[in-house]
Structure formats: structure tokens, C-alpha cells
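Undergrad: I'd like to ask you about the structure that follows.
Number of protein chains: 2
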Amino acid sequence: MQFELTKEFIDQIREDLELGKSTSTLVQVNELHPADIAEIFDNISAEEAKQLFHFLDKEKASDVLIELEEDVREKFLFSWSPNEIAETFIEQMDSDDAADMLQELPDRKKDEVISNIKDAEQASDIVDLLNYPEDSAGGLMAKELIKVNIDWSILKCVKEMRKQAEDIENVYTIYVVDDRERLKGTLSLKRLLLAPSESKVRDLYYEDVLSVKAYEKSEEVASMMEKYDLVVLPVVDELDRLIGRITIDDIVDVIKTEADKDYQMASGISEKVDSADSVGVLTRARLPWLLIGLLGGILGALVIGQYEGQLQIYPEMALFIPLIAAMGGNVGVQSSAIIVQGLANNSLGFDSLFARLGKEFLVAILNGLACSILILIYTLIFKDSIDLALTVSMALVLVIIFAGLFGTFVPLMLDKYKIDPALATGPFITTMNDIVGLFIYFGIGHLMYNIF
Amino acid sequence: MQFELTKEFIDQIREDLELGKSTSTLVQVNELHPADIAEIFDNISAEEAKQLFHFLDKEKASDVLIELEEDVREKFLFSWSPNEIAETFIEQMDSDDAADMLQELPDRKKDEVISNIKDAEQASDIVDLLNYPEDSAGGLMAKELIKVNIDWSILKCVKEMRKQAEDIENVYTIYVVDDRERLKGTLSLKRLLLAPSESKVRDLYYEDVLSVKAYEKSEEVASMMEKYDLVVLPVVDELDRLIGRITIDDIVDVIKTEADKDYQMASGISEKVDSADSVGVLTRARLPWLLIGLLGGILGALVIGQYEGQLQIYPEMALFIPLIAAMGGNVGVQSSAIIVQGLANNSLGFDSLFARLGKEFLVAILNGLACSILILIYTLIFKDSIDLALTVSMALVLVIIFAGLFGTFVPLMLDKYKIDPALATGPFITTMNDIVGLFIYFGIGHLMYNIF
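For the protein sequence lines, the chains are A and B, in the order given. What the first sequence shows, in this note's numbering, is residues 44 to 495, in sequence order. What the second sequence shows, in this note's numbering, is residues 44 to 495, in sequence order.
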């Protein structure tokens, strides 16, 4: 039943758009889910997108607009006047989607669009929402919700709810408030359905309700909804007054974005990009980390430069430079990734820094010994040099231990000082471990060759 | 309003458990959300957990059991008899949670538990669910749902729904089926609420309903629910008969787990682990990738060994070995991560492999030129050797281009042959790029020093 976009379908749409009149394909597009239509928009030019848009129903058109990628939407809205935006799109939208879209417009155009919204209540809701930072509970919430007073009867409830429900697509929960609009609890639709109509809200509602303050960070909201398996979460102001609700679909986006961000950070990409972005954007997102790597490489060259004399006498030491560097990097990334994920999932528990380092120490020793015994055997057999074999294998154990401890320590420290611990993963830790690894390797080499 | 677990609270619980009688702290625990209680269980011993369990209400206890981490639950269930498990836990659970839990038990114990379930319908539901693979739509769904016949009146609907709703915690959607149980559409609670009671289901229901077949993979289900912002998705069998529903909270877990898996793969961790796992588990999860790195290092040593003569004449070439290796690794990880993420998010569009490699080529040239000009200037100033400067900078451009193309190509190929593209990220691609990078570096060095 799910729609699968094909290249043939896109080509057909393009062809039909050139004809400039409604065809069976364009009618078919109009019947698709907005998310599917948005996918089509990602694959055609801005010019074609504008043409296609005119074949969509008004309500469908604004749903599609919400689903578009931010950059596609920006290009697209550019050619619409503030009045057109207000009439064609904003009026069919939920307050949170409208506010999100307005946030992307230049300030002046934003104000003009708002002054063109005819429904005064909607305009005021949107202005309210624009005051909250995008990454806060207030920035995620919608104002549309169903609320009933704690003193009403079920009969009055149903009557009032019919009115309120007209503007709302999905009724998940009915909120119960007191005369001062303070959130008191919830009334489940199931209870309402099962209750005799003469009963009172007061007797039926659940008092236990989780809520979140409007200034709470969106990651906090996400981890809360995830932990408690919530589908919808009410938002209150400082006086506990109910001001909006956050639905799980917005939170799924937050979770996805968070995970993507950590993943990109670990891969050395400094901005949110995807493969559809322009060459310029992709280059800019990748260059910063490469420059850090470059600096690390130069520092590495300086370290080796210190031991150039030694290298001239024992050139075979050069053979294992990549091995030492790579292993330090790998171990560092592994241990920091485990910590970063533990912090993100709140699963670290209460172990002290010391206990954590102790555990990593054990893991590193085990892995280090396993690897260094293998490399010892290899060098003894194939290189026939006890000095080299001992140098490489001893250096390897120490490098693995250092890299493991360092990879554990850095993200914990960053987190303690409220810096995103994911910064520790990826090129940064790899680069640091490369340099320290070289020091260890040549330092041990220096000792070894002087002893034997 | 959200509960925050502290070390002090844990210590207090432990102390009170030793007293062996109910205290105000233990009463307080019983009032917490199951997810919060599960967090407490993660931080106390199995012995203490069992004690604490006896202070919980029966229904709370089974909710907590569902929330526990798999390994904690396994340890915990070990000491309960099949009969106790059936009576104390299974009977209060939804079918999907019960099936998930049973799946973790040894086969014999699983069968014994099932034969001890008193409610025949529940037992049959659970057995049905156990037939589906864990990572399929059937494995994710619950059997509990509300369905009405298309020919019923609203009055009959409400009556039937009251019966059905008793077993169900959250009513999201009412499904409409025909006489053969085939899914025809949905009836929103809102419509039901607003409809006059003499109307018929047939006149009120929405025909447009997305559903999923039971054998569909869970990642497919996740990407569908994410794309269409669904809170609940009905599951049908091959004959389109409604057999269950999947709710978004289970999907949030799938999304999280997928993202965690890709992240761990990119970080060189081969099993699902978290920092609370034992030293043995952590070591085992990390060793495989380290061994690949080790093998890569040995291959790198072989490559350098080929040029040992050259290195003896121009020992300064050793200085930039780490730089070349690191940059190849970084670029490869960046480009493969962008592809892996694009594949995971279905955002790659329809560009051909050739177009994609062409774009990566441009990005790599830009980044490569930027980096190599910097390193050219550095080596000219500080190393005062034109040969070395040209060798390093030319090798760097080529390494960056190769690594970029390779990092783009490999995940796309893996995906084409239905292998998880995330395998391409992390140590594998880094190691390959290290080796090829060394070849390029020494190859160019060989040419350079022979020309000048």
C-alpha cells in the first residue's frame, strides 16, 4: 500500500508539466500522501515545483509545504508574496507548523506574512510560538489541543469538545484544567467513551500527568517522551498553566536529528549535510576536520623529526608507524563512542570517573595484550629482530591503554563542562592519539635500542 | 514533574531493603513510573532487585519487567518458576510485550510458561505472535485493538467498543473491517464523537488507511511510520485480514536501535554493547575491529618495506607517513558516512553511481587542493626540500581523491548487494585507505626523487 517513487514516475510528471494541463499523472500526484509529494519535489527543479504546486488542492499544498526539506522550501517560498503565503498556506496549517515555517523567512517578510493572517486567534497563537527558541519545548509545541474544565459534566465536555475538535486533526488526550487554566490531569477518550453521561470530569480524570515547562530543551523532551513511551506531552508555563502540547511525530524528528548529528560528528563532518547538498556546502562541512587532521599530521611529523637520527640507524622502525597510529585511533574512537552513547541514552549509571577508567583500563589491557602478542609473533618470525619485536609490541600495549583511557576521559570531561561530548569522537581523538602514539613508540624504541 | 534518580535514593533503598519491611522510601518507589523503577533495578544487585520486586503492586511489577534491560530481565526471571511467571507477569501484559519476554526464555521454560497461562485467548494470541521473526512487523505488533464491522451502526459500535476497550490501554484508532475481517479503513474517535448516533460506520469511515504486511522488516515499518508521521499502523496478513497493530513507542525503540547500531559500526564496535556491560563483553565487542586494524598495520608495514631502500636514502619521507594515513582515513570515513546516512534516510534520490562519484570527485579535489597547498607551504618553509614538498602535497591530493571515491563507492556497492552499508564505515575503510595511501605516497616519492 506504500507508494514507491520511481525515476519513471518523475520523468512522466516532468513531461506532463511541460504540456501545462492536468493529466492523469498529475491527478494521481494530488492523491498521494503529502510526504510522498514532498519527495517528488526533492527530485524536480524549483521551476517545475512551482508549476506542480498549482495542480494541488489548497489543503494538500500546505501539507506538502510542511514536509519539504528546509532548503527546498526556502527556495520555493521566495517567489510567493506575503499575502499569498498567509492565504494559501498559513491558514490551513497547525500553529506549530506555521511558526516553524515563518521562522525560516527573513524578518521583514515574516512580519508582513503575519499581518496578512486573517484569523486573529491564529495570528496570536503563531506570534506566541515565535517567541520560543526553536530547540525548546515551546518551539516544538502546537497550541491546538482539547481541554475541559475540572468542574464540567461529561455532557458539557462532549459539547465543548465538539467545538474544539473541529480545528484539530488528532485528539490524543483531553486535558483537564482548573479555572485558572492550570493543568490538573487528563481524561482519556476511553474513559469518556465508557462513562455515563451524568458523571463529572472531577470524578473521572487521572491526576497523574507528566508535563514539561516551555523553556525545557528539546533533547530533554525527547528523552522524556522516549523513556515514558509518551505519544503526546502537555506543555505548561511557569504558573503551570496549560499552553500547548507536543506530539511524538515532532519528537521522532528530534531523535533522528540528534542521532544524525552525533553520527556526523563521529565521522568528522561539522555541519548537518546530506548527499543532495551542493559541492560547496559539502566541501565546507568537511574541510574543518580535515584541517585538524592536517595539523595533527604536521605535529606527527615534528614528533618523528625528533627521532630522525634514530630512524636513520634503525629504518625498520618506520614500518610500524601506520600500525601504531591506526591502533591508537581505533581504540580511542571505540572507547569514546561507548561513553558518548551512554551519555546520550542516560545509561551510564552512577559509577565514578575512577571506576569507569578502571574498567576501561581492564578492557584495554586485554585487547592490548591480544594484539601485541600477535604482533610480537609476527615481527619475531618475519623481521627476525628482537629489538623491533619488543619495541612494537610494548608500544602497542601502551598505546592501546593510553588511547582507551583518553577516549573515556575526554567525553566525560566535556560533558561535565556542558560541552557536547560527541565533539570528542571522530578526528579530534584520532589525531591526538596518533601524536601520543608516536611519542610512545619512538620513546620505547629509543630505550630498547639503547639497552640491547 | 519528571523523576530524577540520585545515588542517595538508591543508597536509601538498599538500606531499607536490608530492614526487610516496608518503609516510606519503598512506598515511594511503588508510586514511580515503571520506567523509573526499571532504572533503579539497573543500579542494584539481582538479589536486591528480587527483594524490591515483592514490594511492588502486581500490575506495576509486570510493567517494570517490560522496561528492564534484556540482560537484567534474564537474570531476574531465572529465579521464577514457569507458573509464577505466567501468573505474576504474563497475565497483566499486552500480547506483544508478553511475546517479547517469552522469546528471551530458554525453549523449554517458554513452553512451560505458555501452558500455565489461564486465559486461553491470551495464550493463543501470544503463540501467534511467537511465530513471527522478532525484526518483522508481526514481531512488533500487539493483538489488542479495537475493530468494528463496516455494517454496524454507531450505537452498536459504541456498545462493542466498550467491551473491547476494557483490555486496551490506549485507543488510538478504531479499525473498520468487513465480514471476512479484511481491513477496510479507520474510524477516528473524533468522528465518532461528533457523529449522530443513528449513523452507520459505512458512512463515516475513512477508506484511506496505510497498513503493513506481517512479514515486512521492522526497519521498513519504522521508515514508513516516520515518513508519514503515524502514531499507530495496522498489520494485515496475506489476505488483507487485520491481525494486529504497531504503536509508535515500539518504533521509537527500533529507530534508536538502528541509529545506535550504525554509530557503533562506524566506531568499530561489532556487537550491541553499552558501558554497563562486563569487561568480557566489551573486550569481545571491540577486539574484532582491532584485529582488522592490526592486519591493516601489518599490510602497511609490508608496503613501506617495499620502499625501505628509498627510506634509507630519504629518511625525511617517514615524517609524513602518519599524515598521509590519517588524511586518507578521515576523508574515507566522511564520504562513506554521508552515503550511509543518505541510504538510511532514503534521501539519496535517483542520481546514478556515476553522478555521485563525479560529485564526490569535485568535493575531494577542492578539499584536497586546500589541504595540499597548506602542506606544500609548510614543507617548503620548514623542510626546505622541493622534492619532499612536491611528494607530500601531490600524494595528499591523490589520497584524498582516492579515499573520497572509495568511501562513496563501497557503501553503495554493499547496499546494492543487500549487505548493510554501515559495514563500510569505521575501521574497514580507514584501514584500506591507509594501505592505498601509503602506496600512493611512496610511489610518488619514488618518481619524484628519481626525476629531481
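Just so you know, even glycine gets a beta-carbon here, dropped at the ideal spot from N, CA and C. It should be emphasised that the depicted structure is a prediction, and the values quoted were computed from it without experimental measurement.
1) Mapping DSSP to helix, strand and coil, what is threonine 290 of chain A?
2) So, is valine 374 of chain A buried or exposed, given that buried needs 16 or more other C-beta atoms within 10 angstroms?
3) Suppose the cutoff is 8 angstroms on Cβ atoms and the five residues either side in sequence are ignored; what does the same chain contact list for aspartate 100 of chain A look like?
4) Which partner residues of leucine 285 of chain A appear in the DSSP bridge assignment?
5) Among A/Asn476, A/Ala180, A/Ile443, A/His489, whose alpha-carbon lies nearest the alpha-carbon of leucine 285 of chain A?
6) Could you pull out every residue in the same chain whose Cβ sits closer than 7 angstroms to the Cβ of aspartate 280 of chain B, ignoring the five residues on either side in sequence?
7) Taking 8 angstroms as the cut-off, does the segment 151-171 of chain B touch the segment 191-202 of chain B (at least 3 CB pairs, one atom from each stretch)?
8) Thinking just about the alpha-carbon of each residue, which of B/Val406, B/Asn410, B/Ala238, B/Gln307 is nearest to the one in valine 470 of chain B?
9) Helix, strand or coil, according to DSSP, for valine 255 of chain A in the structure here?
10) Taking the beta carbon of proline 149 of chain A as the centre, do at least 16 other beta carbons fall within 10 Å, making it buried, or is it exposed?
11) Please tell me whether leucine 232 of chain A and valine 252 of chain A are closer than 8 angstroms, where the distance is taken between their beta carbons.
12) Rank B/Arg57, B/Ala89, B/Leu490, B/Leu417 by C-alpha distance to the C-alpha of tyrosine 357 of chain B and give the top, closest one.
13) Less than 7 angstroms between C-beta atoms, sequence neighbours within five positions excluded: which residues of the same chain meet that for isoleucine 335 of chain A?
14) Are the segment 234-246 of chain A and the segment 291-311 of chain A touching, with three or more C-beta to C-beta distances below 8 angstroms?
15) Just to confirm the assignment, what range does the beta strand (DSSP E) spanning lysine 227 of chain A have?
16) So, at 8 angstroms on beta carbons, what are the nonlocal neighbours of valine 570 of chain A in its own chain, with the 5 sequence-adjacent residues on each side left out?
17) Which residues in chain B sit within 9 angstroms of lysine 315 of chain A, going by Cβ to Cβ distance?
18) Considering only residues of the same chain and omitting the five flanking positions on each side of isoleucine 483 of chain B, which have a CB-CB separation below 6 angstroms?
19) Kindly indicate if chain B contains any beta-carbon less than 8 angstroms away from that of valine 479 of chain A.
20) Since valine 219 of chain B is in the alpha helix (DSSP H), which residue starts that stretch and which ends it?
21) With a threshold of 8 angstroms, are at least 3 pairs of Cβ atoms found where one atom belongs to the segment 326-343 of chain B and the other to the segment 409-423 of chain B?
22) Specify the secondary structure class of asparagine 192 of chain B as computed by DSSP and reduced to three states.
23) Give me the Cα-Cα distance between glutamine 146 of chain A and lysine 153 of chain A, rounded to the nearest whole angstrom.
24) Give me the Cα-Cα distance between isoleucine 87 of chain B and arginine 57 of chain B, rounded to the nearest whole angstrom.
25) Chain B beta carbons: is any one of them nearer than 8 angstroms to that of methionine 491 of chain A?
26) Does the beta-carbon of leucine 481 of chain A have 16 or more other beta-carbons within 10 angstroms, so that it is buried, or is it exposed?
27) At which residues does the alpha helix (DSSP H) containing leucine 409 of chain B begin and terminate?
28) Please determine, among A/Pro77, A/Gly372, A/Ala387, A/Ile429, the residue with the shortest C-alpha to C-alpha distance to valine 479 of chain A.
29) Could you name the residues of chain B that valine 374 of chain A contacts, counting a contact when the two beta carbons are closer than 8 angstroms?
30) When the cut-off is 8 angstroms and only beta carbons count, does asparagine 73 of chain A lie next to chain B?
31) Around the Cβ of lysine 64 of chain A, are there at least 16 other Cβ atoms within 10 angstroms (buried) or fewer (exposed)?
32) Hey, how far is the Cα of serine 321 of chain B from the Cα of isoleucine 312 of chain B?
33) Determine the chain B residues that contact leucine 466 of chain A at a beta-carbon separation under 9 angstroms, and present them in chain order.
34) If we ignore side chains and look at the alpha-carbon of each, how far apart do aspartate 54 of chain A and alanine 413 of chain B end up?
35) What residues from the segment 291-302 of chain B come within 9 angstroms of chain A, judged by C-beta to C-beta, listed N to C?
36) Measure from the alpha carbon of glutamate 155 of chain B to the alpha carbon of each residue in B/Tyr175, B/Trp123, B/Asn174, B/Asp171, then state which is nearest.
TA: In terms of the structure at hand:
1) For the purposes of this step, residue 290 of chain A is taken as the residue at position 247 of the first sequence. Threonine 290 of chain A falls in the strand class under three-state DSSP.
2) Counted from its first residue, the first sequence places residue 374 of chain A at position 331. Per the 10 Å Cβ criterion, buried.
3) Here residue 100 of chain A refers to the residue found at position 57 of the first sequence. Result list for aspartate 100 of chain A: Asn73, in chain order.
4) What you label residue 285 of chain A is simply residue 242 of the first sequence in a count that begins at 1. Beta-bridge pairing links leucine 285 of chain A to A/Val279.
5) Counted from its first residue, the first sequence places residue 285 of chain A at position 242. Considering only alpha carbons, the answer is A/Ala180.
6) For the purposes of this step, residue 280 of chain B is taken as the residue at position 237 of the second sequence. For aspartate 280 of chain B, where only same-chain residues beyond five positions count, the Cβ hits under 7 angstroms are Ala257, Ile286.
7) Not touching, per the Cβ criterion.
8) Numbered from its first residue, the second sequence carries residue 470 of chain B at position 427. The identity of residue 470 of chain B in the sequence shown is proline, whereas the question assumes valine. Closest in alpha carbon position to proline 470 of chain B, among B/Val406, B/Asn410, B/Ala238, B/Gln307, is B/Gln307.
9) Counting from one through the first sequence, the residue named residue 255 of chain A turns up at place 212. In the three-state scheme derived from DSSP, where H, G and I count as helix and E and B as strand, valine 255 of chain A is classed as strand.
10) As a first step, residue 149 of chain A must be located in the first sequence, where it is residue number 106. Flag for proline 149 of chain A reads exposed.
11) Residue numbering aside, residue 232 of chain A sits at position 189 when the first sequence is read from its first letter. Residue numbering aside, residue 252 of chain A sits at position 209 when the first sequence is read from its first letter. Between leucine 232 of chain A and valine 252 of chain A, the C-beta spacing is not below 8 angstroms.
12) Walking along the second sequence from the start, residue 357 of chain B turns up at place 314. Measuring C-alpha to C-alpha distances from tyrosine 357 of chain B to each of B/Arg57, B/Ala89, B/Leu490, B/Leu417 identifies B/Leu490 as the nearest.
13) Locating residue 335 of chain A in the first sequence gives position 292, where the first residue counts as 1. Only Pro470, Phe471, Thr474 meet the Cβ criterion.
14) Contact fails: fewer than three Cβ-Cβ distances are below 8 angstroms.
15) Position 184 of the first sequence, counting from 1, holds the residue named residue 227 of chain A. Taken as a continuous stretch (DSSP letters only), the beta strand (DSSP E) holding lysine 227 of chain A covers 226-230.
16) Beyond the ends of chain A as shown, which are 44 and 495, falls residue 570 of chain A; an answer cannot be given.
17) Here residue 315 of chain A refers to the residue found at position 272 when the first sequence is read from its first residue. Near lysine 315 of chain A there are no residues of chain B at all, since even the closest Cβ is about 10 angstroms away, more than 9 angstroms.
18) In the second sequence, residue 483 of chain B corresponds to position 440, counting from 1. Correct list, in chain order: Ala438, Leu441, Val442.
19) As a first step, residue 479 of chain A is located in the first sequence; it is residue number 436 there, counting from the start. At a cut-off of 8 angstroms, the C-beta of valine 479 of chain A has no neighbouring C-beta in chain B.
20) Numbered from 1 along the second sequence, position 176 holds the residue referred to as residue 219 of chain B. Where valine 219 of chain B is concerned, there is no enclosing alpha helix (DSSP H), although the beta strand (DSSP E) it sits in stretches over 217-220.
21) Counting C-beta pairs with one atom in each stretch, the segment 326-343 of chain B and the segment 409-423 of chain B have fewer than three that are closer than 8 angstroms, which means they do not touch.
22) By 1-based counting over the second sequence, the position of residue 192 of chain B is 149. Here asparagine 192 of chain B sits in strand by DSSP.
23) On the first sequence, residue 146 of chain A is found 103 positions in, with the first residue counted as 1. On the first sequence, residue 153 of chain A is found 110 positions in, with the first residue counted as 1. The alpha-carbon atoms of glutamine 146 of chain A and lysine 153 of chain A are separated by roughly 7 angstroms.
24) To locate residue 87 of chain B, count along the second sequence from 1; it is residue 44. To locate residue 57 of chain B, count along the second sequence from 1; it is residue 14. Taking the straight line joining both Cα atoms gives about 8 angstroms.
25) Position 448 of the first sequence holds residue 491 of chain A. No, no contact with chain B.
26) Taking the first residue of the first sequence as position 1, residue 481 of chain A is located at position 438. Result: buried.
27) The residue given as residue 409 of chain B occupies position 366 in the second sequence. Residue range 396-426 is occupied by the alpha helix (DSSP H) that includes leucine 409 of chain B.
28) Indexing the first sequence from 1 puts residue 479 of chain A at position 436. Checking every option, the nearest Cα to that of valine 479 of chain A belongs to A/Gly372.
29) Reading the first sequence from its first residue, position 331 is the one you call residue 374 of chain A. Contact of valine 374 of chain A with chain B by beta-carbon distance below 8 angstroms involves Arg329, Leu333.
30) Taking the first sequence and counting its residues from 1, the one referred to as residue 73 of chain A is at position 30. Not one chain B Cβ lies under 8 angstroms of asparagine 73 of chain A.
31) Residue numbering aside, residue 64 of chain A sits at position 21 when the first sequence is read from its first letter. Sixteen is the threshold: since fewer than 16 other Cβ atoms of the shown chains lie within 10 Å of the Cβ of lysine 64 of chain A, the residue is exposed.
32) To locate residue 321 of chain B, count along the second sequence from 1; it is residue 278. To locate residue 312 of chain B, count along the second sequence from 1; it is residue 269. Approximately 15 angstroms between the Cα atoms of the pair.
33) Mapped onto the first sequence, residue 466 of chain A falls at position 423. Contact annotation for leucine 466 of chain A against chain B: no contact, minimum CB-CB distance about 14 angstroms [criterion: below 9 angstroms].
34) Counting from 1 along the first sequence, the entry for residue 54 of chain A is found at position 11. Counting from 1 along the second sequence, the entry for residue 413 of chain B is found at position 370. When rounded, the separation of the alpha-carbon atoms in aspartate 54 of chain A and alanine 413 of chain B is 38 angstroms.
35) Residues Ile291, Asp292, Asp293, Ile294, Val295, Asp296, Ile298, Lys299, Glu301, Ala302.
36) Against the second sequence, residue 155 of chain B aligns to sequence position 112. Here the closest residue by C-alpha is B/Trp123.
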